[in-house]
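Student: Protein chains in written order, with the numbering used here: chain A, 1221 to 1768; chain B, 2 to 116.
Here it is in structure tokens:
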């Protein structure tokens, strides 16, 4: 690999879009194959770029011959390279999974691959104005995808998502204005340098709070996640879209959160604040997840909860916790994507999404259920699965303080409780009303196989987490990662928590009427906008009080 | 007193006027217009960054020293285009929404969905 020059960084961005555009003129059957080949190539390119980043550090590529402060550059560093690979792999798997689906018409596939290119470029971009442009693009593409199957609330969900996103981006644009006024540059590195050198920290407050409000909305942080379940679990969205939104797109928001913290976090000292926000997001997410009856909504709210956990890791202030957070981004993308895909199959097979109506999937669709179980185990952090590794790393990143560790324990318990409830759909009697005796209609052999491959990836990235992390991340102390000695202890803790979760489910959750009341609350657009303004105002005043 | 009346401060006021519209109007058309006002305010703010009254437009090779900062202008053309396209998408969506539910009120649509 050393002799090879790295490929240009725009390849993973342009390849899907160009393949999507050129292939648009050939028949649908061939089009599908062109896109799959293009995506395999993108995976190859992403691996190649990752190898280069690990070997020779950050890759920078000024576009159109302008040097950096003035021109626009693409940048790939140790944080974004693994995430770029993640985008490529998950999109490829999604395409393979949906190989036989009827809604995969040309327009859908075109929008989908274009979105892939745009998301890839979000991970490659190095200045805040590009971020603005690209987020607006992803918003428009995702809106189209959310409304793709014209179900009943399709237009409402799409409208809500679109308006809320562009509202947030208006904040972001004004934030860019203040950034440019304060620093005179818009690239990440330049802003970071100047914000650290700044003597008057007060000047950073306004640009930071404006941009962070928008980024927090995109990442789904505490008061601003109202749009997320509506968009991610929209009945009109094919499960492939839900999987992509929850697995990949929300991670772009978290990636921007990382960038914002790298740019301003040190100068303003907001690490502790977002640690608390992360914990609150995680708790609110699982509480709402437990209240839901719709299986896709359960998954969507659990995404909120896991975002909270990722933010906890990223703001833990230690290297182990930070890379644990990044590893959890990757793990969560894989198992949440698989959970959404299998939930889509199950919902189609049973003709309902109500968790109380679905029973005994293990007998009716065995292979799909095995795949879903692998994902649930990853999600719950069972030993040997990838979720346990990243959760353990996040936890050890905060090992100094008992309070934070207790909070993480509560979050993990909540996740387990959610998925104990979710797992009830696997067991029991499939129900005679719908037991037709014939083989499953929703999942053919191919789809089930891809689902199983997905599940095995989850298991493999848990078993081989040590070597995998050493390949993906520049972790200084890999010894701590491969701590096999604590495996028995972890298993015991997991078993105890799991037993507690089952007990809580049987004794409390199944009977609590308050859950129905919480579920009945629906937040209007104005209330969501109010929460966002509230977050902005809170951040502003918090910084005005704390920053000197 | 008069030194506070600048285009930048006017754009900030405009931004919060737009935000007021987003927060307190339930009509979707008004939401779209209000978000647009916020967008325009942000754009106005950005073009006035580093701007002074005696500057010349950044065109041609002459007067390089007296030229206005070209970067915000270039960026804001992009932002204006994006704003227009996003507005077009949201109005298209709104037309579909209105045909389906017969109302342009966020609250009423929620009621119709939950019923």
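Backbone N, C-alpha and C fix where the C-beta goes; we use that ideal spot for every residue, glycine too.
1. Closest to residue 1226 of chain A by CA distance: which of A:1262, A:1503, A:1236 and A:1270 is it?
2. Along the chain, where does the beta strand (DSSP E) that runs through residue 1728 of chain A open and close?
3. Using only the alpha-carbon positions, how far apart do residue 1445 of chain A and residue 68 of chain B sit?
4. In chain order, what residues of the same chain have a beta carbon less than 6 Å from the beta carbon of residue 1497 of chain A, not counting five sequence neighbours either side?
5. Is there contact here, the region 1342-1360 of chain A with the region 1391-1406 of chain A, by at least three beta-carbon pairs under 8 Å?
6. Distance, Cα to Cα, residue 1480 of chain A vs residue 1432 of chain A?
7. Since residue 79 of chain B meets chain A, which of its residues come closer than 7 Å, beta carbon to beta carbon?
8. Give the list of continuous alpha helix (DSSP H) stretches no shorter than 4 residues that lie fully inside the region 12-99 of chain B.
9. For residue 1315 of chain A and residue 100 of chain B, I'd like the C-alpha separation in whole angstroms.
10. Hey, is residue 91 of chain B's beta-carbon within less than 8 Å of any beta-carbon in chain A?
11. Taking the CB atoms as reference points, tell me whether residue 1678 of chain A and residue 1632 of chain A lie closer together than 8 Å.
12. Skipping 5 residues on each side, what residues in its chain have a beta carbon closer than 6 Å to that of residue 1638 of chain A?
13. Identify the contact partners of residue 97 of chain B in chain A, using a Cβ-Cβ distance below 7 Å as the criterion.
14. Within 10 angstroms of its Cβ, does residue 2 of chain B collect 16 or more other Cβ (buried), or is it exposed?
15. CB-CB under 7 Å to residue 1722 of chain A, same chain, minus the five flanking residues each way: which ones, in chain order?
16. Who are the neighbours of residue 1349 of chain A on chain B, taking C-beta pairs under 7 Å?
17. Can you give the beta carbon distance from residue 1304 of chain A to residue 1340 of chain A, rounded, assuming they're within the 8 Å contact cut?
18. DSSP on residue 1735 of chain A, reduced to helix/strand/coil?
19. Three-state secondary structure (DSSP) at residue 1295 of chain A?
20. Quick check on residue 1705 of chain A: does DSSP put it in helix, strand or coil?
21. Pull up the CB-CB distance for residue 1415 of chain A and residue 1483 of chain A, whole angstroms please, since I reckon it's below 8 Å.
22. Assign residue 1229 of chain A to one of three DSSP states: helix, strand, or coil.
23. If you reduce the DSSP assignment to three classes, tell me which class residue 1314 of chain A lands in.
24. Using the beta-carbon of each residue, which ones in chain A are nearer than 9 Å to residue 108 of chain B?
25. Touch check for the region 75-86 of chain B and the region 43-53 of chain B: three-plus C-beta pairs under 8 Å?
26. If you measure from the CB of residue 1580 of chain A, is any heavy atom of the ligand MN nearer than 7 Å?
27. Using three-state DSSP, classify residue 1402 of chain A as helix, strand or coil.
28. What residue range is occupied by the uninterrupted alpha helix (DSSP H) comprising residue 4 of chain B?
29. Does chain B have any CB closer than 8 Å to the CB of residue 1356 of chain A?
30. Along chain B, which residues have their Cβ under 7 Å away from the Cβ of residue 1401 of chain A?
31. Alpha carbons only, please: which of A:1399, A:1426 and A:1517 is nearest the one belonging to residue 1452 of chain A?
32. Here's the rule I'm using: 16 or more other beta-carbon atoms within 10 Å means buried, otherwise exposed. How should residue 1569 of chain A be labelled?
33. Using the Cα positions of residue 1624 of chain A and residue 1529 of chain A, report the straight-line distance between them to the nearest angstrom.
34. Just tell me which of B:17, B:37 and B:104 has its CA closest to the CA of residue 1757 of chain A.
35. To which residues does DSSP link residue 1282 of chain A through a beta bridge?
36. Check whether the Cβ atoms of residue 94 of chain B and residue 1378 of chain A lie closer than 8 Å to each other.
Tutor: Inspection of the coordinates gives the following:
1. To locate residue 1226 of chain A, count along the first chain from 1; it is residue 6. Answer by Cα proximity: A:1270.
2. Position 508 of the first chain, counting from 1, holds the residue named residue 1728 of chain A. From DSSP, residue 1728 of chain A is part of no beta strand (DSSP E); its letter is neither H nor E.
3. Taking the first residue of the first chain as position 1, residue 1445 of chain A is located at position 225. Taking the first residue of the second chain as position 1, residue 68 of chain B is located at position 67. Those two C-alpha atoms are separated by around 44 Å.
4. Stepping through the first chain from its first residue, residue 1497 of chain A is reached at position 277. Same-chain partners within the cutoff: 1441 and 1442.
5. yes
6. Numbered from its first residue, the first chain carries residue 1480 of chain A at position 260. Numbered from its first residue, the first chain carries residue 1432 of chain A at position 212. The alpha-carbon atoms of residue 1480 of chain A and residue 1432 of chain A are separated by roughly 7 Å.
7. Residue 79 of chain B sits at position 78 when you count from the first residue of the second chain. The contacting residues are 1353.
8. 29-49
9. The sequence position of residue 1315 of chain A within the first chain is 95, counting from 1. The sequence position of residue 100 of chain B within the second chain is 99, counting from 1. Spanning the two alpha carbons is a distance of roughly 34 Å.
10. Here residue 91 of chain B corresponds to residue number 90 of the second chain, with the count starting at 1. Yes, because at least one Cβ of chain A sits closer than 8 Å to the Cβ of residue 91 of chain B.
11. Within the first chain, residue 1678 of chain A is the residue found at index 458, counting from 1. Within the first chain, residue 1632 of chain A is the residue found at index 412, counting from 1. Against a cut-off of 8 Å, the Cβ pair of residue 1632 of chain A and residue 1678 of chain A comes out as no contact.
12. Position 418 of the first chain, counted from the first residue, corresponds to residue 1638 of chain A. Same-chain partners within the cutoff: 1506, 1509, 1510 and 1522.
13. Against the second chain, residue 97 of chain B aligns to sequence position 96. Under the 7 Å cutoff, chain A gives 1375.
14. Numbered from 1 along the second chain, position 1 holds the residue referred to as residue 2 of chain B. Label assigned to residue 2 of chain B: exposed.
15. Residue numbering aside, residue 1722 of chain A sits at position 502 when the first chain is read from its first letter. Closer than 7 Å at Cβ, skipping near neighbours: 1640.
16. One-based indexing of the first chain puts residue 1349 of chain A at position 129. Ordered by position in chain B, the residues that pass the 7 Å Cβ test against residue 1349 of chain A are 76.
17. Here residue 1304 of chain A is taken as the residue at index 84 of the first chain, counted from 1. Here residue 1340 of chain A is taken as the residue at index 120 of the first chain, counted from 1. Right, their Cβ atoms sit about 6 Å apart.
18. For this step, residue 1735 of chain A is matched to residue 515 along the first chain. Of the three classes helix, strand and coil, the one that applies to residue 1735 of chain A here is helix, per DSSP.
19. By 1-based counting over the first chain, the position of residue 1295 of chain A is 75. In this structure, residue 1295 of chain A counts as strand in the three-state DSSP scheme.
20. As a position in the first chain, residue 1705 of chain A is number 485, starting the count at 1. At residue 1705 of chain A, the pLDDT of 48 sits below 50, so the modelled position is not reliable and the matter cannot be decided from this model.
21. Mapped onto the first chain, residue 1415 of chain A falls at position 195. Mapped onto the first chain, residue 1483 of chain A falls at position 263. Yes, residue 1415 of chain A and residue 1483 of chain A are in contact; Cβ-Cβ is about 6 Å, under 8 Å.
22. Here residue 1229 of chain A is taken as the residue at index 9 of the first chain, counted from 1. Three-state result, residue 1229 of chain A: coil.
23. Translated into positions along the first chain, residue 1314 of chain A becomes position 94. The answer is helix: DSSP assigns residue 1314 of chain A an H, G or I state.
24. As a first step, residue 108 of chain B must be located in the second chain, where it is residue number 107. Residues of chain A passing the Cβ test: 1744, 1745 and 1746.
25. yes
26. Because no ligand of any kind appears in the structure shown, any question about the ligand MN cannot be addressed here.
27. For this step, residue 1402 of chain A is matched to residue 182 along the first chain. Reduced to three states, the DSSP call for residue 1402 of chain A is helix.
28. Translated into positions along the second chain, residue 4 of chain B becomes position 3. Note, residue 4 of chain B: premise wrong, no alpha helix (DSSP H); not H, not E.
29. Mapped onto the first chain, residue 1356 of chain A falls at position 136. Judged by the 8 Å Cβ criterion, residue 1356 of chain A is in contact with chain B.
30. In the first chain, residue 1401 of chain A corresponds to position 181, counting from 1. Near residue 1401 of chain A (Cβ distances below 7 Å), the residues of chain B are 50.
31. Working through the first chain from its first residue, we reach residue 1452 of chain A at position 232. Nearest of A:1399, A:1426 and A:1517 to residue 1452 of chain A, Cα basis: A:1517.
32. Walking along the first chain from the start, residue 1569 of chain A turns up at place 349. Buried, since its Cβ has 16 or more Cβ neighbours within 10 Å.
33. Numbered from its first residue, the first chain carries residue 1624 of chain A at position 404. Numbered from its first residue, the first chain carries residue 1529 of chain A at position 309. For residue 1624 of chain A and residue 1529 of chain A, the distance between alpha carbons rounds to 11 Å.
34. Locating residue 1757 of chain A in the first chain gives position 537, counting from the first residue. Among B:17, B:37 and B:104, the Cα nearest to that of residue 1757 of chain A belongs to B:17.
35. Looking up residue 1282 of chain A in the first chain gives position 62. Residue 1282 of chain A is bridged to A:1293.
36. Mapped onto the second chain, residue 94 of chain B falls at position 93. Mapped onto the first chain, residue 1378 of chain A falls at position 158. For residue 94 of chain B and residue 1378 of chain A, yes; Cβs fall inside 8 Å.
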